[in-house]
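All the letters of the sequence shown, read from the start, carry residue numbers 8 to 418 under the working numbering.
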Amino acid sequence: MFISSYEWRSQVMDYLGSTGMLPELTDREIAYGFPIGMSDSSIQENSPPMRRGPSDHPIQVLDTILLNALTKSPCVITFSGGRDSSLLLARAAMVAKKHGLPGPVALTHRYPAEDVDAQETVWQHRVVDHLRLLDLPVEWIINDVTTEFDILGKPLTDLLTMNGRPFFPPASGASLFDYQFAAGGSLVTGEFGDELFANSRSYRFRRSISELKYSGRTSMRRVVRPLFPSMRSIGAEEIAMLTGITWLTEDALHGLFASVKQAADDDFGWKSEVRRKLKTRAVQVSLETRDRIAGLFDCIPVDPFLDFQFIDSWFGHIDYFGISRSQSMRLLSDGMLPDSVIDRESKAFFNRSRFGEDTKSFAAKWDGAGIESPDVDVSRLRDAWMQNLVTLQSAMLLQQAWLSDGHNSVR
């Protein structure tokens with residue numbers, strides 16, 4: 008599907024030359040695997056208020072966002088079969104039918120059978136079949152994934168070479184594919200759904216109180232635990248085990264844990280937690296990278312769960328303690344999804360396709376060159392890359408090592 012290598016490289020060089028490179032990252036961020044700290048950009052200024060007064064219902068706001076996306080054809084929705092993408096597909100199909108517009112195009116990446124963690128076929132059919140029974144317009148396109156999402160495969164290495172430095176998110180192969188597929192139209196994703204609808208500490212606290220009050224099925228220790236998520240100090244080995252970041256030095260691991268601990272201590276109410284996450288560099292850098300890639304294909308990115316109007320409306324209709332993820336999906340789907348989809352607890356993971364044969368081959372012969380950060384233990388990093396399942400948080404270090412191995416920028 009991707010355009011030829013020559014056309015792709017020429018197009019990317021011209022575009023990045025006129026718009027600027029992808030957001031720059033610090034050495035520590037590359038070592039940690041994600042941008043750290045808070046953003047100093049306008050995303051903080053535009054964060055939605057903690058409002059209590061009336062506002063448009065979240066369903067109305069969501070449908071308006073999707074209506075705008077549907078008017079920019081083709082309107083493509085990245086559809087994995089997970090709850091967030093299923094919700095967006097269902098509501099977009101309903102809005103399209105209501106307004107007499109072409110239905111959304113559900114774009115699904117189907118992974119090889121041996122990638123067992125990425126299998127969502129049963130859930131995908133359950134959703135699409137249900138929507139068709141409701142006579143809603145849905146076009147379903149399936150892309151059988153081979154090597155195109157490999158971190159050190161084509162076309163990501165072309166983008167990496169021309170950018171000349173690691174970028175975040177490093178596993179942007181799917182985004183490149185999706186935005187090219189939706190070129191000239193709009194691409195709707197469920198980004199930030201995990202952050203917005205996750206079961207917060209405040210919700211778990213309320214649930215525990217309810218269990219204690221009405222059934223006696225829980226202990227006071229369980230009730231108190233959500234209030235104090237970081238009551239004890241832990242060692243570097245336990246931090247590495249909990250985070251999966253095994254390649255950092257002991258000092259770097261403790262620094263990482265301290266920053267995460269502080270955020271956890273600060274975020275009890277779910278609204279505070281969401282507001283803080285919106286202000287992080289991780290979110291801001293992701294959005295800037297998204298906009299660069301979308302612009303490359305003249306495509307409009309639509310992320311409803313990152314839309315401030317939707318978040319504002321959600322804040323206005325959900326109380327301080329929050330609700331569960333299943334309750335959120337049931338409220339927003341308004342009867343348009345099967346209960347089994349709304350209440351599912353399983354979740355797919357796509358790491359294996361991001362660490363394909365090209366990446367494995369490079370990692371196997373890597374001699375330690377190119378990684379000079381004092382935060383990284385090179386021998387532990389090599390061990391991490393030799394594991395059967397590699398964490399994505401080491402991917403920017405892979406990019407850095409690959410660039411230092413004679414793959415210089417052509418800028």
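Just so you know, even glycine gets a beta-carbon here, dropped at the ideal spot from N, CA and C.
A quick note: this is a predicted structure, and the numbers were derived from the prediction, not measured.
In terms of residue numbering, what span does the beta strand (DSSP E) encompassing residue i cover?
i, result
"residue 151", "146-151"
"residue 78", "Run containing residue 78: none; DSSP gives neither H nor E here."
"residue 193", "193-195"
"residue 307", "307-309"
Classify residue i as buried or exposed, calling it buried when 16 or more other Cβ atoms lie within 10 Å of its own Cβ.
i, result
"residue 67", "exposed"
"residue 384", "buried"
"residue 139", "exposed"
"residue 113", "buried"
"residue 396", "exposed"
"residue 195", "buried"
"residue 169", "buried"
"residue 36", "buried"
"residue 394", "exposed"
"residue 86", "buried"
"residue 315", "exposed"
"residue 347", "exposed"
"residue 376", "exposed"
"residue 70", "buried"
"residue 120", "exposed"
"residue 349", "buried"
"residue 72", "buried"
"residue 342", "exposed"
With the cut-off set at 8 Å, would you say residue i and residue j are in Cβ contact?
i, j, result
"residue 391", "residue 401", "yes"
"residue 182", "residue 309", "no"
"residue 92", "residue 171", "no"
"residue 410", "residue 167", "yes"
"residue 110", "residue 146", "yes"
"residue 287", "residue 46", "yes"
"residue 133", "residue 345", "yes"
"residue 157", "residue 361", "yes"
"residue 369", "residue 200", "no"
"residue 365", "residue 40", "no"
"residue 115", "residue 126", "no"
"residue 65", "residue 356", "no"
"residue 186", "residue 301", "yes"
"residue 190", "residue 306", "yes"
"residue 173", "residue 334", "no"
"residue 332", "residue 205", "yes"
"residue 103", "residue 162", "no"
"residue 290", "residue 284", "yes"
"residue 177", "residue 403", "yes"
"residue 153", "residue 108", "no"
Could you tell me the alpha carbon to alpha carbon distance between residue i and residue j, rounded to whole angstroms?
i, j, result
"residue 31", "residue 322", "32 Å"
"residue 175", "residue 88", "25 Å"
"residue 405", "residue 372", "12 Å"
"residue 118", "residue 90", "18 Å"
"residue 412", "residue 378", "11 Å"
"residue 122", "residue 63", "42 Å"
"residue 359", "residue 151", "14 Å"
"residue 304", "residue 44", "31 Å"
"residue 259", "residue 265", "10 Å"
"residue 262", "residue 256", "10 Å"
"residue 95", "residue 84", "8 Å"
"residue 180", "residue 297", "12 Å"
"residue 326", "residue 141", "32 Å"
"residue 105", "residue 336", "21 Å"
"residue 324", "residue 250", "34 Å"
"residue 203", "residue 281", "6 Å"
"residue 388", "residue 128", "34 Å"
"residue 100", "residue 38", "42 Å"
"residue 363", "residue 124", "15 Å"
"residue 382", "residue 148", "44 Å"
"residue 353", "residue 137", "19 Å"
Who does residue i pair with in a DSSP beta bridge?
i, result
"residue 116", "150"
"residue 84", "113 and 195"
"residue 255", "383"
"residue 45", "287"
Over the uninterrupted alpha helix (DSSP H) stretch that includes residue i, give me the two end residues.
i, result
"residue 411", "402-411"
"residue 129", "128-140"
"residue 281", "277-285"
"residue 340", "332-340"
"residue 166", "163-170"
"residue 95", "90-106"
"residue 397", "Segment: none, residue 397 is in no alpha helix (DSSP H) and carries neither H nor E."
"residue 366", "364-372"
"residue 296", "288-303"
"residue 185", "180-188"
"residue 349", "346-349"
"residue 39", "34-39"
Looking at the ligand GDP, does it come within less than 7 Å of residue i, judged from the CB to the closest heavy atom?
i, result
"residue 320", "The model on display carries no ligand, and the ligand GDP is accordingly not part of it."
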